[in-house]
Structure formats: C-alpha cells, structure tokens
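Asker:
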Amino acid sequence: MTQVVVTDQNFETEVLKSDKPVIVDFWASWCGPCKMLDPIIDEIAKELGDKIKVAKVDVDANLQTAQKYNILSIPTVILFNKGEPKQQFVGVQPKERYQEEINKIV
Amino acid sequence: MSQGLFDVIILGSGPAALTAGLYTSRADLKTLIIAGTKWGGQLQLTTLVENYPGFPQGIQGPDLMINMRKQTERFGAIIVDIQLKEVDVVNQPFTIKAGDQIYQGKTIIIATGADTQWLSVPGEKDFLGKGVSSCAPCDAFFYRNKRVIVIGGGDSAMEEALVLTKFATEVTIIHRRDSFRASKIMQDRVIGNKKIKILWNSTIKEILGKDKVTGVKIETKSKGMWEMPIDGIFVAIGHTPNTVLLKGINLDSKGFVARVEERNKQGQLLYFTKTNRDGVFTAGDVHDYRYKQAVTAAGFGCMAALDVEKWLEDHE
C-alpha cells in the first residue's frame, strides 16, 4: 500500500504524473464524516496493494488544489487515472461504491 | 460465516443504538451493533453540543460519538461498520444481512435514526457537493467571502447559519413560515448576529448553476417568484426516518416506526419500546416524531435495552 500526503506543491508529481491510479481523499481535521471515511479507504488500499496509490489532501492547508477541482464539500474522493479525474464521490459512501469504480481501472 | 446466536442485534450507531448497546452488553447480553459505513448518526455532522448533560463546556458532536462508542465497546458489544442489507423480523431467531455477512439474533432494536430531508427541487441532486450541502461544520470552510443561504427554521438551521458566519460574508436563512420553531437561545444568537439576514414566507423552487451553484429561484409570499444569486445552499428542513429496509414493521402515518402498547392487568405498559413484532423494539429518531434530541435518543436506547432484557427473561 502506498499512501502519500499530498500538498498544492506536489499534487502534480504525486497524482497527475503517477503511473498508478490514485485515490485522492480531500479531508480536514474539523470534518467528522472524514474520520469515518479513513478506515474504508485504508481497507481498500490494503486490498489493492501496489496496484493503487492513496493520496490524502488536507484542504485546510491546500485550498488551491481543492478549488481547482471545485471541491465544496468534504469528504470528497476523486479517482485519478493517467492524470485525469475519472470519478468523484461526495460524502462517505459504502466501500463497494468505491471498489466498483476502482475495479474498472486497475 | 456464523458467529453464533446474539441475544440482541442493534441496528444503528447514533446515541440511541450505542446507549442500548451499552446497557445490553453491560447486562452480559451477547450484543451486536450494525453501525453502517457512516456510523455515528446526525451528531457526526454537528459541532459543539451544549445540551447533552455531563459536559459543562459542551462537547464536539463527533467526539461525543467516539466516546459513546468506546464506552459501549468496553463492555464487549461487537460493533461492525458495515451497511445493513436485509432484516427478517418474521422468523425467530431473526436474521440480519449486512455486507456479505449473515447474523442471527433473539431480539432486535431498531435505532436506524433519520437522515437529512432534502428539498426535492430541480437542481438539488445535480449540485450535491457543488454548492448544495447539509453539513455546515464540514463545508463552511469553502465559503470564505461567499454568499450562502440556509433553509429551515429549527435548531439545526440556526446552528448551520451560525457556523457559516465564521466564513461567509452574508448568510440568509430562508424559512417558509413567519416564525422559527428553534429554541429561544438559538433564535437569539441568530437575530443578534449582524451577518445573518432572515427571509420569511419563502420557499426554494429551483437551484441554479452550471458547474456549481450560482443562484436559487425563490417564491416569496409578498413578491412572487424571483432569483437570488448565491454560492452555496445549506439544507436543514428536518429529517426522514430510515425505515426502507424494515419490511414487516408497522410505521405511523408520518413514516416513523410505530410503537405498540400492550398493558398488564394494572393498566401499565408491558414494554414502552415494542414494535408490532414480538421481540423487536425501537429507539431514537427512527420512531421519535417529537423530541429528537441526543439525550432523548440515549434515553430511548436505555429503555429499549431494558425492554429487551425483560423480554428475554419472560421468554426463556
């Protein structure tokens, strides 16, 4: 499992130029539902091992990236493949919802 | 995979469910709580809770839920964060499907709570997370120097508006009546806040925008239909009880789980929290059409747990 903390500065190298699909989790410390999402994302990442990368973006410190992708609600998860946003999930979803979309790519 | 027969399976993970689980596990009943992926209920979407006794300075809603969960787990309740799929309340022992697991229980407590009631107007679904929200504590941050509206007239609408004033330049509460049903202390805070405006007798007819929300179509009694440019809309008009999966359970005319009264010879209620099915009890906002407080939900959870204990004693 590869998990990286992504900022406005390294978003391009870590996410857009990644050779693997990336699950980008936009979160913040003051967001209750974001804490519920963590274990779901962790499980998915564990199951997929090296096939995928998980990127956590703290919107509080990285508003530029959040704005670029029109994020107005957290948690939001965007699934990136080859530098392109493929699917966006707003709010905490059941694990299967994420897996369905991820399985189409990996 | 079988985990044996549970004495009680509790559906839900808000204050009602976790309090019920605290009581049943502490009474040494084998307890399973199906918490769902979004565990913690409505309090996960709040900030400071000032009316839950025991916290003189108040406590953050999500922290209160984490505490409740830890306290319940301490006495051996098993809590699984998976989504409920099917409930069979007809055949004993009851069978519950959640995720790809199957569980069996002698009794059930339904404490599935209530979810945000949306406006059901054009545009609302399209802009969810793109300017439409039901969680100001989560999303207010994105509305720095923006204009937002809050829909509703109860305590949660007041709280959403107050949270939003920390970021937005202008917050307008839009309410369909000419007075709020919110508590006086919350109303006073709203009325005393210079950033908050109130628009009475008005309803939202449509949410407008392209990539994100840019405005709303409003109908106001005195001036008819008009458009208001805004950046965000926070919906707080109430909650709908979560009863979709409860086949065979009677609901009242408003869709809440109905309680059934059975009395003994002295005219006293046998169980306060019983549903139409023997061995199936209910607690919290899924059945509570009036009080809807964290503390009443917890209280109902305790009652349902004690009813389960009594029911098991009476039937074993």
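Protein sequences, first through last, are from chains W and S.
Letter by letter, the first sequence follows residues 161 to 266 in our numbering.
Letter by letter, the second sequence follows residues 56 to 371 in our numbering.
Where a beta carbon is used, it is the ideal one built from N, C-alpha and C, also for glycine.
Being a predicted model, the structure only gives us computed values, none of them experimental.
If we count the other Cβ atoms within 10 Å of its Cβ and call it buried at 16 or more, is Q280(S) buried or exposed?
Answerer: On the second sequence, position 225 is the one that residue 280(S) refers to. In the sequence as presented, Gln is not what sits at residue 280(S); that position holds Met. So M280(S) counts as exposed.
Asker: Between M56(S) and Q156(S), what straight-line distance do the alpha-carbon atoms span, to the nearest angstrom?
Answerer: Position 1 of the second sequence holds residue 56(S). Position 101 of the second sequence holds residue 156(S). Below a pLDDT of 50, predicted positions are generally treated as unreliable, and M56(S), at 45, falls in that range; no measurement from the model is reported.
Asker: With 16 other CB atoms within 10 Å as the buried threshold, where does Q97(S) fall?
Answerer: Here residue 97(S) corresponds to residue number 42 of the second sequence, with the count starting at 1. Counting Cβ neighbours within 10 Å, Q97(S) comes out buried, since at least 16 surround it.
Asker: Could you tell me whether any Cβ in chain W is nearer than 7 Å to the Cβ of M56(S)?
Answerer: On the second sequence, residue 56(S) is found 1 positions in, with the first residue counted as 1. The predicted position of M56(S) is uncertain, since its pLDDT is 45 and thus under 50; no value can be drawn from it.
Asker: At what residues does the beta strand (DSSP E) containing N241(W) begin and finish?
Answerer: Position 81 of the first sequence, counted from the first residue, corresponds to residue 241(W). First-last of the beta strand (DSSP E) with N241(W): 236-241.
Asker: How big is the Cα-Cα spacing for V271(S) and I229(S)?
Answerer: Residue mapping note: residue 271(S) aligns to position 216 of the second sequence, counting from 1. Residue mapping note: residue 229(S) aligns to position 174 of the second sequence, counting from 1. Straight-line Cα distance between these residues: approximately 11 Å.
Asker: Sort out for me which residues DSSP pairs T74(S) with in a bridge.
Answerer: Within the second sequence, residue 74(S) is the residue found at index 19, counting from 1. Note: T74(S) sits in no beta bridge, so no partner.
Asker: Mind listing which residues of the segment 195-213 of chain W have their C-beta closer than 8 Å to chain S's C-betas, in chain order?
Answerer: Of all residues in the segment 195-213 of chain W, K195, M196, P199, I200 have a Cβ within less than 8 Å of some Cβ in chain S.
Asker: According to DSSP, is M56(S) part of a helix, a strand, or is it coil?
Answerer: Taking the second sequence and counting its residues from 1, one reaches residue 56(S) at position 1. Summary for M56(S): the model assigns pLDDT 45, below 50, so the residue's position carries little reliability, and this model does not support an answer.
Asker: Locate the alpha helix (DSSP H) running through D118(S), then write down its first and last residues.
Answerer: The residue you call residue 118(S) lines up with position 63 of the second sequence. Note, D118(S): alpha helix (DSSP H), 116-129.
Asker: For A188(W), which residues in chain S fall below 9 Å Cβ to Cβ?
Answerer: Within the first sequence, residue 188(W) is the residue found at index 28, counting from 1. Correct list: C193, F196.
Asker: Which ranges would you report for the beta strand (DSSP E) in the segment 179-237 of chain W if only whole runs of at least 3 residues count?
Answerer: Here the runs fully enclosed are 182-187, 213-218.
Asker: At a Cβ threshold of 7 Å, is P254(W) touching chain S?
Answerer: Position 94 of the first sequence, counting from 1, holds the residue named residue 254(W). Chain S, which has a Cβ nearer than 7 Å to the Cβ of P254(W), makes this yes.
Asker: Can you grab the Cα-Cα spacing for the pair K320(S) / C357(S), in whole Å?
Answerer: Residue 320(S) sits at position 265 when you count from the first residue of the second sequence. Residue 357(S) sits at position 302 when you count from the first residue of the second sequence. Taking the straight line joining both Cα atoms gives about 25 Å.
Asker: Starting from the Cα of A75(S), find the closest Cα among I163(S), T150(S), Q138(S), G116(S) and give me that residue.
Answerer: Here residue 75(S) corresponds to residue number 20 of the second sequence, with the count starting at 1. Out of I163(S), T150(S), Q138(S), G116(S), I163(S) has the C-alpha closest to the C-alpha of A75(S).
Asker: Taking the beta carbon of L87(S) as the centre, do at least 16 other beta carbons fall within 10 Å, making it buried, or is it exposed?
Answerer: If you number the second sequence from 1, residue 87(S) lands on position 32. It is buried - the Cβ of L87(S) has at least 16 other Cβ atoms within 10 Å.
Asker: In whole angstroms, what is the alpha-carbon distance linking W173(S) and T236(W)?
Answerer: Start at 1 with the first residue of the second sequence, and residue 173(S) comes out as number 118. Start at 1 with the first residue of the first sequence, and residue 236(W) comes out as number 76. Roughly 19 Å separates the two Cα atoms.
Asker: So which residues of chain W does T92(S) contact, with C-beta pairs closer than 8 Å?
Answerer: Here residue 92(S) is taken as the residue at index 37 of the second sequence, counted from 1. Correct list: M196, I200, V252, Q253, P254, K255.
Asker: For E105(S), count neighbouring Cβ atoms within 10 angstroms of its own Cβ and tell me buried if that reaches 16, exposed if not.
Answerer: For the purposes of this step, residue 105(S) is taken as residue 50 along the second sequence, with counting starting at 1. It counts as exposed.
Asker: From the beta carbon of Q126(S), is the nearest beta carbon of chain W less than 7 Å away?
Answerer: Stepping through the second sequence from its first residue, residue 126(S) is reached at position 71. For Q126(S), the answer is no, since every Cβ of chain W falls outside 7 Å of its Cβ.
Asker: Of all the options Q247(W), L239(W), I204(W), which has the alpha carbon lying nearest to the alpha carbon of K255(W)?
Answerer: Counting from one through the first sequence, the residue named residue 255(W) turns up at place 95. Ranking Q247(W), L239(W), I204(W) by Cα distance to K255(W) puts I204(W) first.
Asker: Comparing the C-beta of G186(S) with each C-beta of chain W, is any distance below 7 Å?
Answerer: The residue labelled residue 186(S) in the question sits at position 131 within the second sequence. So yes, G186(S) belongs to the interface.
Asker: With DSSP run on the structure shown, which of helix, strand or coil describes I65(S)?
Answerer: What you label residue 65(S) is simply residue 10 of the second sequence in a count that begins at 1. Of the three classes helix, strand and coil, the one that applies to I65(S) here is strand, per DSSP.
Asker: Mind checking whether P245(W) and I238(W) have CB atoms under 7 Å apart?
Answerer: Residue mapping note: residue 245(W) aligns to position 85 of the first sequence, counting from 1. Residue mapping note: residue 238(W) aligns to position 78 of the first sequence, counting from 1. Yes. Within cutoff.
Asker: Closer than 7 Å by beta-carbon distance: list the chain W residues that pair up with Q138(S), in chain order.
Answerer: Numbered from 1 along the second sequence, position 83 holds the residue referred to as residue 138(S). P254, listed in chain order.
Asker: What is the rounded straight-line gap between the Cα of F182(S) and the Cα of V63(S)?
Answerer: Within the second sequence, residue 182(S) is the residue found at index 127, counting from 1. Within the second sequence, residue 63(S) is the residue found at index 8, counting from 1. So the alpha carbons of these two residues sit roughly 40 Å apart.
Asker: According to the Cβ coordinates, are V205(S) and F327(S) closer than 7 Å?
Answerer: Numbered from its first residue, the second sequence carries residue 205(S) at position 150. Numbered from its first residue, the second sequence carries residue 327(S) at position 272. Not a contact, by the Cβ cut-off of 7 Å.
Asker: Since A291(S) contacts A223(S) with CB under 8 Å, what's their CB separation in whole angstroms?
Answerer: If you number the second sequence from 1, residue 291(S) lands on position 236. If you number the second sequence from 1, residue 223(S) lands on position 168. Not confirmed; about 15 Å, so no contact.
Asker: Specify the secondary structure class of G270(S) as computed by DSSP and reduced to three states.
Answerer: One-based indexing of the second sequence puts residue 270(S) at position 215. Strand.
Asker: Thinking C-beta only, is V335(S) closer than 7 Å to V144(S)?
Answerer: Position 89 of the second sequence, counted from the start, is the residue given in the question as residue 144(S). Position 280 of the second sequence, counted from the start, is the residue given in the question as residue 335(S). Yes, Cβ-Cβ distance for V144(S) and V335(S) is below 7 Å.
Asker: Give me the subset of the segment 260-279 of chain S whose CB atoms are less than 7 Å from a CB atom of chain W, sorted by chain position.
Answerer: Result list: D266, K267.
Asker: H294(S) lies in the beta strand (DSSP E); which residues open and close that run?
Answerer: As a first step, residue 294(S) is located in the second sequence; it is residue number 239 there, counting from the start. 294-296 is the span of the beta strand (DSSP E), which, as asked, contains H294(S).
Asker: Of all Cβ atoms in chain W, is any one closer than 7 Å to the Cβ of L77(S)?
Answerer: Locating residue 77(S) in the second sequence gives position 22, where the first residue counts as 1. Cβ-Cβ to chain W under 7 Å: no for L77(S).
Asker: Only counting the same chain, and skipping five residues up and downstream in sequence, which positions put a Cβ closer than 6 Å to that of G116(S)?
Answerer: If you number the second sequence from 1, residue 116(S) lands on position 61. Answer for G116(S): L98, T101, V104, listed in chain order.
Asker: Mind checking the segment 94-116 of chain S against chain W and listing, in chain order, the residues whose C-beta falls within less than 9 Å of any C-beta there?
Answerer: Those residues of the segment 94-116 of chain S that come within reach of chain W (Cβ to Cβ, closer than 9 Å) are W94, G95, L98, Q99, L100, T101, T102, Q115, G116.
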